[in-house]
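Visitor: Start counting the sequence shown at 86; every next residue gets the next number (this note's numbering). Note that CB positions come from ideal geometry on N, CA and C, so glycine has one too. Being a predicted model, the structure only gives us computed values, none of them experimental. This is the structure, below, for whatever I ask next.
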Amino acid sequence: DAGADQKLRRRDRVLEVVEGILSRIALSRTRFSVVVFFTSARAVVVDATDINVVRNILDSMPLVWSFEPGETRLLEGIRVAGELARDWPPQSTTMFLCTDGDTVDFSKVPKLPRSIRDLEILAVGDPLVGTLVGNHDSRQEAGILRRLAAELHGSYHNVNTRHLPSQALTELARLPPPPANVGWQIKDVARVGLTVGAVLLTLIPIGLQYFGCAWNAERELPRSVPSTVGH
Numbered sequence: 086d087a088g089a090d091q092k093l094r095r096r097d098r099v100l101e102v103v104e105g106i107l108s109r110i111a112l113s114r115t116r117f118s119v120v121v122f123f124t125s126a127r128a129v130v131v132d133a134t135d136i137n138v139v140r141n142i143l144d145s146m147p148l149v150w151s152f153e154p155g156e157t158r159l160l161e162g163i164r165v166a167g168e169l170a171r172d173w174p175p176q177s178t179t180m181f182l183c184t185d186g187d188t189v190d191f192s193k194v195p196k197l198p199r200s201i202r203d204l205e206i207l208a209v210g211d212p213l214v215g216t217l218v219g220n221h222d223s224r225q226e227a228g229i230l231r232r233l234a235a236e237l238h239g240s241y242h243n244v245n246t247r248h249l250p251s252q253a254l255t256e257l258a259r260l261p262p263p264p265a266n267v268g269w270q271i272k273d274v275a276r277v278g279l280t281v282g283a284v285l286l287t288l289i290p291i292g293l294q295y296f297g298c299a300w301n302a303e304r305e306l307p308r309s310v311p312s313t314v315g316h
């Protein structure tokens, strides 16, 4: 019940939304970690720089088989993600929570660490018409997700038919300014020395060929005197 025509699986719509995010951020200064959750939660990617690793996780990897059967525990995913990011620099991380909000546990919302700067909840699934999943009617739990966003000081986005607004990606899309001119550094001196050395090594054979010593070994040898043998 996801996508513009509401014919996509929800996980396929999550992949589309994440692809839309990756195309609008500064990939060179971003690292990616992925936490998956169902009846439990676990980190499957940590500090990756290759976006194809993220694509593979979201697209073709059958993650559901690594969990025990049961009901979704959304808060467990938030808790594990928070533990993963606990020792990262303060205000360094944007957390995207991709879910339909279907969960059985909403009693105690875990506190996010200081490293989480922004929380963006990306909600998929039709919020009005449910779909039979397992033994219950499953739909996007917009009310639960809005409440969760409020408690964690994050933002809720219904991305079931539209992409995440670019305003939410401003910080991730920003490229840092070039460093101020601080004069010569030791690495600059090393580069100059390496260049000069390479040029000299190239010119030495040429200089010896044309401007080398005029000494000639043949001129220093004594002249040979022809000898005659009398009879």
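Tell me whether the region 118 to 132 and the region 271 to 289 touch, counting them as touching only if at least three CB pairs, one residue from each stretch, are closer than 8 Å.
Guide: Judged by Cβ distances under 8 Å, the region 118 to 132 makes no contact with the region 271 to 289, as fewer than three pairs qualify.
Visitor: If we call anything under 7 Å between Cβ atoms a contact, is GLY241 one with LEU230?
Guide: Position 156 of the sequence shown, counted from the start, is the residue given in the question as residue 241. Position 145 of the sequence shown, counted from the start, is the residue given in the question as residue 230. Position check: residue 241 holds Tyr in this sequence, whereas Gly was assumed. Result yes, Cβ atoms of TYR241 and LEU230 sit closer than 7 Å.
Visitor: Taking C-alpha atoms, which residue in ASP273, VAL119 and THR179 lies nearest to ASP144?
Guide: Position 59 of the sequence shown, counted from the start, is the residue given in the question as residue 144. Taking only the C-alpha atoms, the option nearest ASP144 is VAL119.
Visitor: Would you identify the three-state DSSP class for ALA253, choosing helix, strand or coil?
Guide: Here residue 253 is taken as the residue at index 168 of the sequence shown, counted from 1. Correct three-state label for ALA253: helix.
Visitor: Classify THR179 as helix, strand or coil using the three-state DSSP reduction.
Guide: Taking the first residue of the sequence shown as 1, we reach residue 179 at position 94. Strand.
Visitor: Counting only the same chain and skipping the five closest in sequence on each side, list residues whose C-beta sits under 7 Å from that of PRO212.
Guide: Taking the sequence shown and counting its residues from 1, the one referred to as residue 212 is at position 127. Result list for PRO212: ARG224, GLN225, ALA227 and ASN243, in chain order.
Visitor: Starting from ILE201, trace the beta strand (DSSP E) in both directions and tell me its first and last residue.
Guide: Reading the sequence shown from its first residue, position 116 is the one you call residue 201. Run containing ILE201: 201 to 208, per the beta strand (DSSP E) assignment.
Visitor: Can you round the beta-carbon distance between LEU249 and THR179 to whole angstroms, since I take them to be within the 8 Å contact cut?
Guide: Position 164 of the sequence shown, counting from 1, holds the residue named residue 249. Position 94 of the sequence shown, counting from 1, holds the residue named residue 179. The pair is not a contact, with the Cβ atoms about 11 Å apart (cut-off 8 Å).
Visitor: Apply the 10 Å Cβ neighbour rule to GLU205 and answer buried if 16 or more other Cβ atoms are within range, or exposed otherwise.
Guide: Indexing the sequence shown from 1 puts residue 205 at position 120. It is buried - the Cβ of GLU205 has at least 16 other Cβ atoms within 10 Å.
Visitor: Would PHE152 pass as a contact of ALA133 if the rule is Cβ separation under 7 Å?
Guide: Residue numbering aside, residue 152 sits at position 67 when the sequence shown is read from its first letter. Residue numbering aside, residue 133 sits at position 48 when the sequence shown is read from its first letter. No. Outside cutoff.
Visitor: Starting from the Cα of CYS183, find the closest Cα among ALA89, GLU104, TYR295 and GLY278 and give me that residue.
Guide: Along the sequence shown, one-based indexing puts residue 183 at 98. Ranking the options by Cα distance to CYS183, first place goes to GLU104.
Visitor: Starting from the C-beta of LEU107, find all residues in its chain whose C-beta is less than 8 Å away, skip the five residues before and the five after it, and write them out in chain order.
Guide: Within the sequence shown, residue 107 is the residue found at index 22, counting from 1. Here the set comprises ILE136 and VAL139.
Visitor: If we call anything under 7 Å between Cβ atoms a contact, is ASP86 one with THR216?
Guide: By one-based count along the sequence shown, residue 86 stands at place 1. By one-based count along the sequence shown, residue 216 stands at place 131. Against a cut-off of 7 Å, the Cβ pair of THR216 and ASP86 comes out as a contact.
Visitor: Can you tell me whether DSSP reads THR280 as helix, strand or coil?
Guide: In the sequence shown, the residue the question calls residue 280 occupies position 195. Three-state DSSP puts THR280 in a helix.
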